[in-house]
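Chemist: Below: one structure in structure tokens.
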Amino acid sequence: MEHESSIEEILDTIGDEHARTVLASISREPGSAKELAERLDLSRPTIYRRLDLLKENELINDRTLVADDGNHYKEYTCNFNSTVISLEDDEYDVRIFREENLPDRFSRLWDELGAK
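The numbering of the sequence shown is this note's numbering, which starts it at 4 and goes up by one.
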């Protein structure tokens, strides 16, 4: 994604009760919008709005799957392990700790070695 979320956007997103509920649910078990609506007893429009907000702020990933009947749907997953919000010198700092997959980690290390 080209857009990098500001601290304010991330704080606003995780400040939304329904967004937090959706995020907590998919951090335990990935799910489709339909599954999340049923699991969380929220309307599908509410789920979709929160999924869009979480996706915009790069807090979730999605992947398209094919159901047995041939229909396509998206499954959503949380893409980070933890966040730390700190306040220092009247400024907020938000750190998001993501789990890197092995090829990405190797590429990053290789790039860092080449830069020295």
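Cβ atoms here follow ideal geometry from the backbone N, Cα and C, with glycine treated the same way.
Using CA atoms only, rank isn't needed, just tell me which of Y95, R47, T86 and L62 is closest to I10.
Modeler: Y95
Chemist: Output the boundary residues of the alpha helix (DSSP H) element that contains S30.
Modeler: E20 to R31
Chemist: Mapping the DSSP letters down to three states, classify R66 as helix, strand or coil.
Modeler: strand
Chemist: Do the CB positions of L14 and L62 come within less than 8 Å of each other?
Modeler: No, the pair does not count as a contact, with Cβ atoms beyond the cut-off.
Chemist: In terms of residue numbering, what span does the beta strand (DSSP E) encompassing R98 cover?
Modeler: Going by DSSP, R98 is part of the beta strand (DSSP E) stretching over E94 to F100.
Chemist: Roughly how many angstroms separate the alpha carbons of R52 and S35, rounded to a whole number?
Modeler: 13 Å
Chemist: According to DSSP, simplified to helix, strand and coil, what is E59?
Modeler: helix
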